[in-house]
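Single-structure report; data block below.
There are 2 protein chains.
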Amino acid sequence: MTIISRKMTTATAGASLVRKMFEEGARLRASLGPDKVFDFSIGNPDLPPPPVFQKTLARLVAEARPGAHGYMPNSGWPEVRAKVAAHLNRTEGAGLKNPFTADQVIMTVGAAGALNIILKAILDPGDEVVTPRPYFMEYNYYADNHGAAIVPAEPGPAFRLNLESIAEKIGPKTRAVLINSPHNPTGVIYRAEELAALGRLLTSAGQRHGRPIFLVSDEPYRKLAYDGLKVPSVFAAYPYSVIGTSFSKDMSVPGERIGYAAINPDLPDHQSLFNAMALANRILGFVNAPSLMQLALADLLEESVDIGLYEQRRNILADGLAGLGYQLTRPEGAFYLFPRSPLANDDDFVNLLKEENILTVPGRGFSLPGYFRICYCLPPDMIKNSLPGFARALAKAKG
Amino acid sequence: MTIISRKMTTATAGASLVRKMFEEGARLRASLGPDKVFDFSIGNPDLPPPPVFQKTLARLVAEARPGAHGYMPNSGWPEVRAKVAAHLNRTEGAGLKNPFTADQVIMTVGAAGALNIILKAILDPGDEVVTPRPYFMEYNYYADNHGAAIVPAEPGPAFRLNLESIAEKIGPKTRAVLINSPHNPTGVIYRAEELAALGRLLTSAGQRHGRPIFLVSDEPYRKLAYDGLKVPSVFAAYPYSVIGTSFSKDMSVPGERIGYAAINPDLPDHQSLFNAMALANRILGFVNAPSLMQLALADLLEESVDIGLYEQRRNILADGLAGLGYQLTRPEGAFYLFPRSPLANDDDFVNLLKEENILTVPGRGFSLPGYFRICYCLPPDMIKNSLPGFARALAKAKG
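So the protein lines, in turn, are chains H and F. Number 706 marks the last residue of the first sequence (the working numbering); no jumps. Number 706 marks the last residue of the second sequence (the working numbering); no jumps.
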């Protein structure tokens with residue numbers, strides 16, 4: 308008999324597959340040396356935080372202002388939220404009737420914390436959240452945390468939004484559509500026209516079902532966009548929109564658990580959603596986002612690591628793999644690439660790559676078998692040195 | 308029609324009563340001046356963090372060690388967890404068969420985060436958690452977050468553990484008993500004999516119901532003990548015990564959301580509980596405890612603010628109120644006092660105190676009407692200056 312809950316017995320059994328893969332990576336590194344193992348399995352930014360982050364942190368610690376480590380409202384420091392609101396007005400305010408204020412911003416324990424307080428605020432047990440495949444499988448837990456369930460929609464060509472499938476999956480229990488752009492694991496960035504069309508779809512579906520359907524946008528990779536692309540905002544596309552984001556990827560501080568949620572200022576009755584999300588922050592056990600990091604990042608909203616370095620890696624990997632004959636959609640942002648598996652069974656191909664000391668994640672780990680995910684948070688030389696292994700694995704698969 | 312979930316519609320309606328009280332405090336301070344309002348309503352430590360905390364933080368920021376702000380295992384930095392384990396062996400290892408190791412420690416987003424990952428790991432929907440009245444009402448949400456419910460037991464004389472009531476409340480759905488020592492809102496510290504008796508009760512109840520009942524101990528006030536008392540450990544009392552704690556109160560850093568959970572090393576199959584709690588940390592959206600604060604506090608495990616300052620306040624307030632004729636149980640720890648309400652209706656008496664610009668919380672806010680809570684996180688002079696107001700309110704109540 309297990310001593311833990313039935314739910315977590317199932318969850319830990321599933322999780323131990325992933326853990327085994329990580330352990331395999333550690334084992335390989337220990338036996339072969341770290342430069343011989345190409346660990347493309349995890350989205351852990353390898354660039355250090357920008358120097359201005361360390362400087363700001365040092366200044367704040369030296370200042371030792373009274374209360375800097377104390378409680379504040381569950382939504383976060385008001386002056387920090389006001390600065391985030393000003394940032395949102397500059398970057399995503401176009402086309403909105405109302406400006407962002409501190410009352411639409413809640414500082415959170417990373418984007419995962421943001422998504423959980425958003426979902427807690429809007430979901431009752433039995434509700435459904437539609438999300439396009441492939442998707443970050445943690446979403447299943449985030450919905451289940453609040454008694455709800457993810458309903459996957461099919462992807463469109465090149466992983467673009469498939470409005471027909473989304474429309475088909477929306478029913479009377481649908482409370483939200485959850486999207487992610489730039490996208491993990493495909494690197495796709497949804498265009499303004501796609502978002503506008505999705506907004507129209509959700510408006511009419513909400514009217515048909517007699518209650519609004521929220522558009523929840525998971526955006527931790529917003530600043531990681533390449534080829535001069537700007538990530539279009541969901542706010543202008545649809546009033547019932549809420550975003551969750553973090554500084555984890557663009558400032559390389561994922562261990563600090565700092566991000567925010569922002570509510571569309573054009574959302575009718577946004578105050579009640581804000582109140583529910585702030586209370587959710589408290590009762591889910593987050594209480595508030597870490598204080599010192601709130602204060603530090605409020606002055607660094609326009610900063611980021613050098614995005615060009617990730618773009619350079621994208622180029623080496625996408626060009627390299629395409630040159631070898633891999634079928635892939637060129638990522639437009641984030642730091643993931645999601646090629647077709649040359650074998651029908653993506654697990655088998657991931658195992659072929661493992662024989663080359665290349666660690667990746669099968670597409671079934673993102674609810675889309677037949678593909679595999681490569682995370683390119685690795686130095687350019689490592690990426691280059693991995694290409695012969697990718698070539699050999701492809702040859703074996705074809706042979 | 309509300310746009311938020313039914314659950315949160317109810318929750319925010321309840322929460323707005325508390326919010327109104329806080330707003331009243333802010334309004335009073337603005338109109339009368341901050342020194343004229345005696346805000347005993349919130350447990351927000353007013354002492355600054357000890358200087359060694361600032362120094363350690365400054366050193367860590369200056370070091371800028373690679374990866375210090377990056378991801379680590381969901382359970383926290385292994386070297387930090389090893390230091391916490393060593394601390395637990397020094398302070399709570401007596402009477403245990405096995406020593407604590409890093410594998411029984413999970414760094415968390417405060418004690419609230421710790422309690423939520425513990426409960427998530429052991430509770431299925433429909434399960435029950437028994438806790439003695441009065442209790443921190445957030446526990447209701449923490450249980451509900453995982454589909455479970457709090458079942459309150461009655462307090463014993465002077466708020467000591469009432470084993471008869473606890474035994475009576477334990478049924479086939481009981482998965483845990485949740486205690487808190489030093490106790491919010493009474494300041495009681497459970498004695499080693501009380502804990503041992505509770506342990507025996509849980510052992511036999513677990514055998515009767517065919518599965519272990521966990522003892523979950525919420526211990527953020529462990530270092531805030533007075534009169535030379537040492538807070539006895541639950542670990543020696545019962546093998547199926549888990550604690551959640553934080554540095555919020557003893558280091559005055561509640562805004563940083565840093566604490567830990569520790570599993571009894573004598574707990575059979577502690578590894579599966581550890582795995583479930585580490586996974587819960589991830590899937591509830593905490594992911595991990597804030598990195599820099601983990602590293603900072605790992606070297607400060609024997610440090611705290613000057614506890615004597617809180618003891619001094621306890622003396623001024625407990626002696627002062629007892630001298631005025633209030634009926635109270637002298638607190639042994641934490642920074643709360645929970646006197647009997649001189650009026651049968653504690654709301655009415657809290658309102659009488661409000662007329663004296665003294666803000667407190669009615670006992671019904673802790674599931675025990677007929678009392679009220681005073682939090683003495685205020686400078687000694689403020690506490691002294693509040694006593695005439697307490698005297699007048701008592702006179703009015705008696706008059």
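Even glycine gets a Cβ: it sits at the ideal position worked out from N, Cα and C.
- Bounds of the beta strand (DSSP E) holding P459/F are 456 to 460.
- For the pair L644/H and F673/H, the Cα-to-Cα distance works out to about 13 Å.
- Judged by DSSP in its simplified three-state form, T493/F adopts coil rather than helix or strand.
- For V458/F, the closest C-alpha among the options N452/F, F466/F, R336/F, N447/F is that of N447/F.
- Residue state for R699/F is assigned as helix, using DSSP reduced to three classes.
- In the DSSP assignment, M414/F forms a beta bridge with Y567/F.
- Distance from the CA of R637/H to the CA of G494/H, rounded to the nearest whole angstrom, comes to 8 Å.
- Looking at the backbone, the Cα of L694/H and that of G350/H are separated by about 19 Å.
- In the structure shown, the three-state DSSP call for G383/H is coil.
- Its chain contains P406, F407 as the residues whose beta carbon lies nearer than 6 Å to that of N396/H, once the 5 sequence neighbours on both sides are disregarded; these appear in chain order.
- Looking at Q619/F, I496/F, D606/F, the one whose alpha-carbon comes closest to that of A392/F is D606/F.
- Burial state of Q411/H is buried, judged by a 10 Å Cβ sphere holding 16 or more other Cβ atoms.
- Secondary-structure assignment with DSSP links I550/F through a beta bridge to S524/F, A569/F.
- By the neighbour-count definition (other C-beta atoms within 10 Å, threshold 16), K537/H is an exposed residue.
- DSSP places Y545/H in the coil class of the three-state scheme, outside both helix and strand.
- For N469/H, the CB contacts under 8 Å within the same chain, skipping 5 residues up- and downstream, are P439, A460, E461, P462, G463 in chain order.
- Against chain H, a Cβ distance below 7 Å from T493/F picks out nothing, because the smallest value is about 22 Å.
- The shortest CA-to-CA distance from Y545/H to any of G566/H, L574/H, K556/H, S553/H is the one to L574/H.
- Y449/F reaches chain H at I590, G592, counting residues in chain order whose Cβ is nearer than 8 Å.
- It is roughly 11 Å from the alpha-carbon of T317/H to the alpha-carbon of A428/F.
- DSSP, reduced to helix, strand and coil, places T319/F within a helical segment of the structure shown.
- Below the 7 Å Cβ cutoff, chain F contributes D431 as neighbours of K314/H, in chain order.
- Considering only beta carbons, the part of the region 598 to 610 of chain H lying closer than 9 Å to chain F consists of S598, L599, M600, Q601, in chain order.
- With the criterion set as a beta carbon lying under 7 Å from some beta carbon of chain F, the region 458 to 480 of chain H has no members that meet it.
- For R680/H, no alpha helix (DSSP H) encloses it; the enclosing beta strand (DSSP E) starts and ends at 679 to 682.
- If you ignore the 5 residues before and after Q634/H, its C-beta comes within less than 7 Å of the C-beta of P646, R647, all in its own chain and listed in chain order.
- Here the region 589 to 604 of chain H does not lie against the region 656 to 668 of chain H, with fewer than 3 beta-carbon pairs under 8 Å apart.
- Among the residues facing chain H, I413/F is not included, as its CB has no counterpart in that chain under 7 Å away.
- For I311/H, there is no enclosing beta strand (DSSP E), as DSSP marks it with neither H nor E.
- Under the DSSP definition of a beta bridge, E435/F partners with A456/F, T481/F.
- Counting C-beta atoms within 10 angstroms of its own C-beta, N652/H has fewer than 16 neighbours from the protein chains shown and is therefore classed as exposed.
- Residue burial annotation: G535/H is exposed, with fewer than 16 other C-beta atoms found within 10 angstroms of its C-beta.
- Listed in chain order, the non-local C-beta contacts of I614/H below 7 Å within the same chain comprise K530, L531, local neighbours out to five positions each way being set aside.
- For I486/F, not one C-beta of chain H is nearer than 7 Å to its own C-beta.
- A distance below 8 Å between beta-carbons, with the five flanking residues on each side excluded, links F329/F to the following residues of its chain, in chain order: S348, I349.
- With respect to the C-alpha of T510/H, the residue from Q601/H, L586/H, P572/H, A483/H having the closest C-alpha is A483/H.
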